[in-house]
Amino acid sequence: MTLSSINKKGIIALLLCLCLNLPGNAQFHAQRSIHLKANSNWFTGFYSLDLKTAPPGVTETDKFLGMLRSNGLESSYTIEYNEQKGRRHANIIPVSHPQTGALRFIVVPNQIFDRNIDPMPNGDWDFNLFYTSNGKKRIVAPFIHDPDKYYAFALSQTLGLTYSVVDMQLNNGLGDVAPGLKNVPVRKPEFLDTDAEFIDIVPGNNCDLWLLMTESDQESNSYTLSAYNITASGIDTTPVIAYYERKTMWDMLWDFKVSPDRESIAYISLNVVDYLPGSHLNFLRFNPDNGAITDNGAYPSVPLTETDNRDMHGNFTPDNSAFIIYTNEYANGNAIFYKYELADNMRKSSFTYAFPYPQYDWYKYSIYTPPIISLKPHGDKLYFNIPEYYTKPDLNDMEHKLKYVFHYTCIKMSAIKPAGGNWQQVAFDPQIDLWRNCRLYTNSDVVYPYVDQDTLPSIYFDTVFCREPNMTFASITAKARPGYTGYVWNDGTTGD
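All the letters of the sequence shown, read from the start, carry residue numbers -26 to -1, 1 to 470 under mature numbering (1 follows the signal peptide of the UniProt record, and there is no 0).
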């Protein structure tokens, strides 16, 4: 439709959008400013990172570290593999303002803390009711049309899925859980002996969000994947459910990730007892329109290099072209990463990152903890921790030749980024110096839906475009901007 009389700013914006195919060049939801600022403050322990600056600003946060330790969440930032394999660490969710990036509050497994790292008056969870483990048992989602309210979801072995409403207008602007809106039940556990964990929150196609979670029966092979729809009206308590069977009851379903295009879910299956079947990278399909999860049309499963330690982590590249995974492999002074091309039948390639660490040698080490590396996306990069090893003598070795190899989890941090215009080749950011009391927490981001501010600039439409920006337009009805009247269209009609 051509406009014969419209303000110049509006017609220029419309022509740019239509002629330059602006939607095809738009970013995924996690690239939007609202997302980047809402997730711009990372806490690692002794230090915090401000990702609004380049390079990220680093600040001492000894009060945060003291809070973790006083709540029994971090006694040691080490990994020692005489301990349990398949380890989880404290689920830390910092929530920042989506417009300014200023810290608003932090969720940890037993408490919500305000921006001053003081406990919110009504922000505790009863450990007699809620999980005390360090898996992803907490997750945060914003209200769709109220920027000062959030859902703080929590999982309980007895109550199942619950939420509390955090209202930033309370407690003199520091925020608190709203009276009468704490531990609101959503759905009871699926199994009697259940183990549940959140996967992520994903923008839907209808100005909504989807809360994804997994739940398994510890006494059988059964597990379910559930998608709860969050709209401006609230939470639909009846989820979309997909039922699956693990290959064995010992399989640990680990490291769930949702792709940037919102259409795939990746996870790693670890068999932590008899090591059969071997570890695999698996994929499912997710439909952001209706919440359906299926294995039909999913990317093929990938067998992973077998290691005894098995704390493998991976993530999608921010451009949705590949999946990068680290499987504990270290050789010749380099950690070895593997990259699988999603659109090329999972074609495998590798790249390395150099840092000092001993290579496994059974003549020297009776216990060997490999470097364990996690990946966390932000913007167009994948940040990763760089561990530092230390050794202890094996007191059971009468010849005093053998040692234990352990490590501090995050003495430094770096980021993988595309070399040039795409992820066919990778490069690395300079290292960020941290401290021995630090960890890269890979919590789920605070995710915002597609809402009316995601429409084209300076133009008003009769439909809000909530889908991915590269989807083609249907017919459009242009409307006058507020305060403007008396437009004349090219067919001779007038209107406002």
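Cβ atoms here follow ideal geometry from the backbone N, Cα and C, with glycine treated the same way.
Treat the numbers as computed from the prediction; the structure is a model and nothing was measured.
Query	Result
F325 versus Y312: straight-line alpha-carbon distance, rounded	7 angstroms
Beta-carbon proximity of E48 to L42, cut-off 7 angstroms	yes
Beta-carbon contacts of G271 that lie in its chain and below 8 angstroms, excluding the five residues immediately before and after	R259
Continuous alpha helix (DSSP H) stretch holding K11: start and end	7 to 12
Straight-line gap, E193 to L166 (C-alpha atoms, nearest Å)	9 angstroms
Bridge partner(s) assigned by DSSP for T168	D191
Every unbroken alpha helix (DSSP H) inside the segment 36 to 75 [4 residues or more]	36 to 44
Spatial distance of T383 from M320 (CA atoms)	30 angstroms
CB contact flag (T205, D182, <7 angstroms)	yes
Nearest-angstrom Cβ-Cβ length linking residue 471 and D285, presumed shorter than 8 angstroms	One cannot answer for residue 471 here, as it falls past the ends of the chain, which runs -26 to 470.
Bridge-paired residues (DSSP) for D419	According to DSSP, which records beta bridges pairwise, D419 is partnered with nothing at all.
For A272, the three-state DSSP class (helix, strand or coil)	coil
Within 7 angstroms, strictly: CB atoms of G149 and F104	no
Beta-carbon spacing of N370, L414 below 7 angstroms	no
Exposure label - N13; buried when at least 16 CB within 10 Å	buried
Cα-Cα separation, P423 to F172	18 angstroms
Outcome for L212 when other beta-carbon atoms lying within 10 angstroms are tallied against a minimum of 16	First, the residue type needs correcting, since residue 212 is Thr and not Leu in the sequence shown. Counting Cβ neighbours within 10 Å, T212 comes out exposed, since fewer than 16 surround it.
Span separating the alpha-carbon of H254 from that of N294	20 angstroms
Span separating the alpha-carbon of K375 from that of G288	35 angstroms
Cβ neighbour criterion (16 or more within 10 Å) applied to T279	exposed
Neighbourhood of P68 by C-beta, 6 angstroms cutoff - its chain only, sequence neighbours within 5 removed	N15, F17, I80
Coil, strand or helix - F439 by DSSP	Residue placement at F439 is flagged as unreliable, the pLDDT there being 46, under the threshold of 50; the coordinate-derived value follows with that caveat. F439 falls in the coil class under three-state DSSP.
Pair within 7 angstroms by beta-carbon distance, H381 and I53	yes
The segment 151 to 159 / the segment 401 to 415 touching (three or more Cβ pairs under 8 angstroms)	no
Own chain residues within Cβ distance below 7 angstroms of P367, not counting five before or after	H374, K377
DSSP three-state assignment for H287, whether helix, strand or coil	strand
C-alpha distance - F87 paired with D98, whole-angstrom precision	9 angstroms
Classification of W336 by the beta-carbon crowding that lies within 10 angstroms, buried from 16 upward	exposed
Of the listed residues Y300, Q131, Y273, Y339, nearest to Y55 (C-alpha basis)	Y339
Identity of the residue in F117, Y125, H119, P163 nearest L135 by Cα	P163
N411 classed as buried or exposed, judged by whether at least 16 other C-beta atoms fall within 10 angstroms	buried
Where K322 falls, given that 16 or more other Cβ within 10 Å makes a residue buried	exposed
For V114 and I91, the rounded distance between their alpha carbons	17 angstroms
Euclidean distance between Cα positions of V82 and A64	7 angstroms
Cβ distance (whole Å) where T198 is taken to contact I215 below 8 angstroms	6 angstroms
Span of the beta strand (DSSP E), counted from its first residue to its last, around S233	Unbroken run through S233: none, as it is neither H nor E.
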